[in-house]
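Peer 1: Heads up: the sequence shown begins at 19 in the working numbering, then just goes up one per residue.
Built from N, CA and C at the ideal position, the CB exists for glycine as well.
Handing you this structure, nothing more for now.
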Amino acid sequence: MAKRVRLGQLLTEAGHLTPKQLDQALAQQKQTGERLGELVVSLGFASPEHIASALARQLNLRFIRLDDTVVHEAPLERVPEVAAQRYRVVPIGEEEGGLILGMVDPLDVFAIDDLRRLTGLPIRPAIITADDFYLIMNRYPAADQSVAEILEQVRPTELLDAEASLDTLRAVAQHAPIVRLANQIITQAIRMGASDIHVEPQEPHVRVRYRIDGTLHPMLTVPRHVQAALISRYKIMANMNIAERRLPQDGRIELRIEGRDIDFRVSTIPVVWGEKVVMRILDRSGAFVSLERLGLTPEDHERFEPITARPHGIIFLTGPTGSGKTTTLYAILNRLNRTEVNIITIEDPVEYQIPGITQVPLNPKAGVTFASGLRAFLRQDPDIIMVGEVRDEETARIAVHAALTGHLVLSTLHTNDAPGAMTRLLDMGIEPFLVASSMVGVIAQRLVRVLCPKCKQPYKPTKRFLHTVGFDRVGGTPTFYRPVGCGFCNQIGYKGRTGVFEIMPVDDTIKTLIIKRAPSTEIKAAAIAGGMRTLQQAGLAKALAGITSFEEIMRVVFVED
Numbered sequence: 019m020a021k022r023v024r025l026g027q028l029l030t031e032a033g034h035l036t037p038k039q040l041d042q043a044l045a046q047q048k049q050t051g052e053r054l055g056e057l058v059v060s061l062g063f064a065s066p067e068h069i070a071s072a073l074a075r076q077l078n079l080r081f082i083r084l085d086d087t088v089v090h091e092a093p094l095e096r097v098p099e100v101a102a103q104r105y106r107v108v109p110i111g112e113e114e115g116g117l118i119l120g121m122v123d124p125l126d127v128f129a130i131d132d133l134r135r136l137t138g139l140p141i142r143p144a145i146i147t148a149d150d151f152y153l154i155m156n157r158y159p160a161a162d163q164s165v166a167e168i169l170e171q172v173r174p175t176e177l178l179d180a181e182a183s184l185d186t187l188r189a190v191a192q193h194a195p196i197v198r199l200a201n202q203i204i205t206q207a208i209r210m211g212a213s214d215i216h217v218e219p220q221e222p223h224v225r226v227r228y229r230i231d232g233t234l235h236p237m238l239t240v241p242r243h244v245q246a247a248l249i250s251r252y253k254i255m256a257n258m259n260i261a262e263r264r265l266p267q268d269g270r271i272e273l274r275i276e277g278r279d280i281d282f283r284v285s286t287i288p289v290v291w292g293e294k295v296v297m298r299i300l301d302r303s304g305a306f307v308s309l310e311r312l313g314l315t316p317e318d319h320e321r322f323e324p325i326t327a328r329p330h331g332i333i334f335l336t337g338p339t340g341s342g343k344t345t346t347l348y349a350i351l352n353r354l355n356r357t358e359v360n361i362i363t364i365e366d367p368v369e370y371q372i373p374g375i376t377q378v379p380l381n382p383k384a385g386v387t388f389a390s391g392l393r394a395f396l397r398q399d400p401d402i403i404m405v406g407e408v409r410d411e412e413t414a415r416i417a418v419h420a421a422l423t424g425h426l427v428l429s430t431l432h433t434n435d436a437p438g439a440m441t442r443l444l445d446m447g448i449e450p451f452l453v454a455s456s457m458v459g460v461i462a463q464r465l466v467r468v469l470c471p472k473c474k475q476p477y478k479p480t481k482r483f484l485h486t487v488g489f490d491r492v493g494g495t496p497t498f499y500r501p502v503g504c505g506f507c508n509q510i511g512y513k514g515r516t517g518v519f520e521i522m523p524v525d526d527t528i529k530t531l532i533i534k535r536a537p538s539t540e541i542k543a544a545a546i547a548g549g550m551r552t553l554q555q556a557g558l559a560k561a562l563a564g565i566t567s568f569e570e571i572m573r574v575v576f577v578e579d
């Protein structure tokens, strides 16, 4: 029998992995015991498609891309959705009396044995990616019932208004159709990669919207007579008081959905037509994003790495709410997290728990603020401190003191660009010499949607358009790409998001300008002269590379100009 070629060797031979990256992944594998393919993807060294293709060659199996394959309902009906979800498989078709089974894990012999008994057919494994698996699950005929089918099962006694009695509401919220409807809304949001679910009572109906890649999309409407039972169901799941409908409430739901541990931060507020529910989805598996997967270009890495490698000083991340600052902070902490280093964070709230790091949630009622927590941290022998946000002078002063006494401090500020962080601290009342002495770098960022790779369409913009946006000075006619929409991206035209970064190391020139209280425009000019690429320049580079659209860059990056 021929000796099986190792997966790492196949990946390096195909050019998907460098020998240095392979050595790093193998060293980490010895510590964690993870599978090499999953580890390489989590580190951002190779894509799931690269791993699946190499694994197929290693095991002498087929690699099937489901977005290029028509999957009919007949084979899907051979395997119940519960079994498909459990084993992460998709029945694709029949061949020579056997069932072609797309498998995310083709080495799961228990799944093959169980499905052989279940279907009564020989199993012919093929390899698919996890992304393709979840794509097909959206179309699975045995999936959760449609809203219409569920509502047909709602009994007349369940068609209640918000004035129903507490006991009646609690009983109805536990009825099977209402439970299935609530679960379907959540499950579908997870499958579509949503970050938030909005359940909004309106006069004629209840509207459900998902925030996908930063943009809200209407998904379904539910008759208003189901509103009270549906809202009560979510409040029960979040351990809220369903009798209180006049005051805002906050709660939390913890669920395991399709093999993933997911938390939901739930908020309700009273509105004209009842109560609105918003659920923030916190997927624990998405918390540990490596720096390689943030969207940093090679040029960004050259400026980013020296800043994060500093042993002490302050690093600020700036940008509006929802620009990915927390994700970048977690990525930096993951890189710095070692057994010989003491890392402490204070967050509002702690969204993801990181093994090996001490995390403290903000609790103003108990007196735990950013300032008081940071002051206490200095007595905990820390090496690295992460403060969720510098909001006031007191917190800023303690952070500066920590940086000047040999600690590395990571935090965020709400400014439009990197140079604006300096003037923001000066406006808070921090002396210029303290700002100049403590700051080592500022990273401004935005999140832009990534064009769907399956359906994006190239086009040549007109000269008049290029002149209008001031892009005619580059010479030639660049190629941009526009969103189209297909089954892979749920007809949106975009799939996922990536970061756009403005990275400004604080060098001697900038320190001199800070001490002189120079305006941010002068600091920005000096940073550009020193090699900094602005957010606008970084965004346009990603549009020219076909990663995103020019319209998306205009919407996200240029909106504050």
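(1) What span of residues does the beta strand (DSSP E) with R278 cover, start to end?
(2) Using DSSP with H/G/I as helix, E/B as strand and the rest coil, what is H193?
(3) Using only the alpha-carbon positions, how far apart do L469 and G564 sit?
(4) Given a cut-off of 8 angstroms on the beta-carbon distance, is the pair I230 and I510 in contact?
(5) I need the DSSP call for Y512, collapsed to helix, strand or coil.
(6) Express the C-alpha separation of V418 and R592 in angstroms, rounding to a whole number.
(7) Consult DSSP for A462 and reduce its assignment to one of helix, strand or coil.
(8) Comparing C-alpha positions only, which one of P37, L57 and K38 sits nearest to Q46?
(9) What three-state label does DSSP hand Q554 in the structure shown?
(10) Using beta-carbon positions only, say whether I130 and A74 come within less than 8 angstroms of one another.
(11) Am I right that L265 and Q463 are in contact with their C-beta atoms under 8 angstroms? What's the rounded C-beta distance?
(12) In the region 413 to 478, which residue ranges form an unbroken beta strand (DSSP E) of at least 3 residues, counting only runs that do not cross its ends?
(13) Is the beta carbon of E214 less than 8 angstroms from the beta carbon of V296?
(14) Under the assumption that P367 contacts A545 (Cβ atoms under 8 angstroms), give the Cβ distance between them as a whole number of angstroms.
(15) Please name the residue in P143, L139 and F128 whose C-alpha comes closest to that of V108.
(16) How would you write the range of the beta strand (DSSP E) that F576 sits in, first residue to last?
(17) Would the beta-carbon of I409 fall within 8 angstroms of that of F395?
(18) Following the continuous alpha helix (DSSP H) through F334, name the residue where it begins and the one where it ends.
(19) List the endpoints of the continuous alpha helix (DSSP H) containing S538.
(20) With burial defined as no fewer than 16 other Cβ atoms inside 10 Å of the residue's Cβ, what is the status of F151: buried or exposed?
(21) Hey, out of V386, G211, R251 and A327, whose CA is closest to R198's CA?
(22) Going along the chain, which residues of its own chain have a beta-carbon closer than 7 angstroms to the beta-carbon of G211, five neighbours each way excluded?
(23) For A454, collect the residues of the same chain with a Cβ closer than 6 angstroms to its Cβ; drop the 5 residues on either side in sequence, then sort them by chain order.
(24) Nearest to H330 by alpha carbon, out of A420, P241 and E317?
(25) Assuming M237 and V226 form a contact by the criterion Cβ under 8 angstroms, report the distance between their Cβ atoms to the nearest whole angstrom.
(26) So for T233, helix, strand or coil by DSSP?
(27) Leaving out five residues before and five after S3 in sequence, what residues of the same chain have Cβ atoms less than 6 angstroms from its Cβ?
(28) With DSSP as the reference, please indicate the residues paired to K587 in a beta bridge.
(29) If you compare alpha carbons, which of A384, Y348, T137 and H425 is closest to N360?
(30) What does H223 pair with, by DSSP beta-bridge criteria?
(31) Secondary structure at N201, three-state DSSP: helix, strand or coil?
(32) Could you give the C-beta distance for V466 and I571, rounded to a whole number, given that I count them as a contact under 8 angstroms?
(33) Along the beta strand (DSSP E) that carries E320, what are the first and last residues, could you check?
(34) Kindly give me the distance between the Cβ atoms of G232 and G340, rounded to whole angstroms, as I take these residues to be in contact under 8 angstroms.
(35) Which of the three DSSP states, helix, strand or coil, is assigned to P373?
(36) Need the endpoints of the alpha helix (DSSP H) that E31 sits in, please.
Peer 2: From the atom records:
(1) Here the beta strand (DSSP E) through R278 covers R278 to V289.
(2) coil
(3) Answer to the nearest angstrom: the Cα atoms are 8 angstroms apart.
(4) yes
(5) It is a strand residue.
(6) In this structure the chain extends from 19 to 579, so residue 592 is not present and cannot be described.
(7) strand
(8) L57
(9) helix
(10) no
(11) Actually they are not in contact, since the Cβ atoms of L265 and Q463 sit about 36 angstroms apart, beyond 8 angstroms.
(12) 426 to 431, 457 to 469 and 475 to 477
(13) First, the residue type needs correcting, since residue 214 is Asp and not Glu in the sequence shown. Closer than 8 angstroms, so yes.
(14) In fact, because the Cβ distance is near 34 angstroms, the residues do not count as touching under 8 angstroms.
(15) P143
(16) Counting along the chain, F576 falls outside any beta strand (DSSP E), and DSSP gives it neither H nor E.
(17) Note that residue 409 is Arg in the sequence shown, not Ile. No, these two residues do not count as a Cβ contact at 8 angstroms.
(18) Note, F334: premise wrong, no alpha helix (DSSP H); beta strand (DSSP E) at G331 to T336.
(19) Here the alpha helix (DSSP H) through S538 covers S538 to A547.
(20) buried
(21) R251
(22) I230
(23) Cβ within range, chain order: K529, I532 and I533.
(24) Closest by alpha carbon: A420.
(25) 5 angstroms
(26) strand
(27) In this structure the chain extends from 19 to 579, so residue 3 is not present and cannot be described.
(28) The structure shown has nothing for residue 587, since the chain only spans 19 to 579.
(29) H425
(30) For H223, which the question treats as bridged, DSSP gives the partners P241.
(31) N201 falls in the helix class under three-state DSSP.
(32) 6 angstroms
(33) For E320, no beta strand (DSSP E) segment is defined; the enclosing uninterrupted segment is the alpha helix (DSSP H) at P316 to T326.
(34) 6 angstroms
(35) coil
(36) L25 to E31
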